[in-house]
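Residue numbers (the working numbering): -17 to 143.
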């Protein structure tokens, strides 16, 4: 069956169906530390262990990851939407009131109530559209608790399309 009509709206709806986990990305330049909620992240290689994450170009995290060359990804459990909300807070210190410690390899903030974390070093950036892609090597990681990962579909939020 040949289908000749397609719309960009259909493509956007389909992209909105792609399942995405929710993570807190921590970054520290030494002089500045920051935490934000991310959902566009995937594994890209077994050997070496690589991940790819997308970061909006006009986002503070984009600048700081570029300066630091490293970051940490805290994985959120299915019932921890409250933690994801910390990464959306406007103004102030998003780490305030949130127990955390520095990743022993990258120095980036790791959220203690997370399922665990990956410490990552930037390998390269790929210029995109409104988001750029960061290819990063996983240089450390620790599993604190086993649970299902919080996904965008489990929340009232959407980010995709």
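No residue lacks a Cβ here, since even glycine has one placed at the ideal position from N, Cα and C.
Cα-Cα separation, residue i to residue j
| i | j | result |
| --- | --- | --- |
| residue 49 | residue 72 | 22 Å |
| residue 75 | residue 98 | 22 Å |
| residue 21 | residue 14 | 23 Å |
| residue 132 | residue 24 | 14 Å |
| residue 46 | residue -8 | 35 Å |
Residues bridged to residue i [DSSP beta-bridge criterion]
| i | result |
| --- | --- |
| residue 24 | 34 |
| residue 104 | 118 |
| residue 0 | Answer is none; residue 0 lacks a bridge partner. |
| residue 124 | 99 |
Classification of residue i by the beta-carbon crowding that lies within 10 angstroms, buried from 16 upward
| i | result |
| --- | --- |
| residue 62 | buried |
| residue 58 | buried |
| residue 111 | exposed |
| residue 91 | buried |
| residue 27 | exposed |
Other residues of its chain near residue i: CB distance less than 7 Å, five sequence neighbours each side excluded
| i | result |
| --- | --- |
| residue 94 | 81, 82 and 83 |
| residue 104 | 47, 51, 52, 116 and 118 |
Spatially closest choice to residue i from the options, by CA coordinates
| i | options | result |
| --- | --- | --- |
| residue 70 | -5, -3, -9 and 141 | 141 |
Own chain residues within Cβ distance below 8 Å of residue i, not counting five before or after
| i | result |
| --- | --- |
| residue -3 | 142 and 143 |
| residue 107 | 48, 114, 115, 116 and 117 |
Chain-order list of residues whose beta-carbon lies under 6 Å from that of residue i (same chain, five-residue window excluded)
| i | result |
| --- | --- |
| residue 85 | 54, 92 and 101 |
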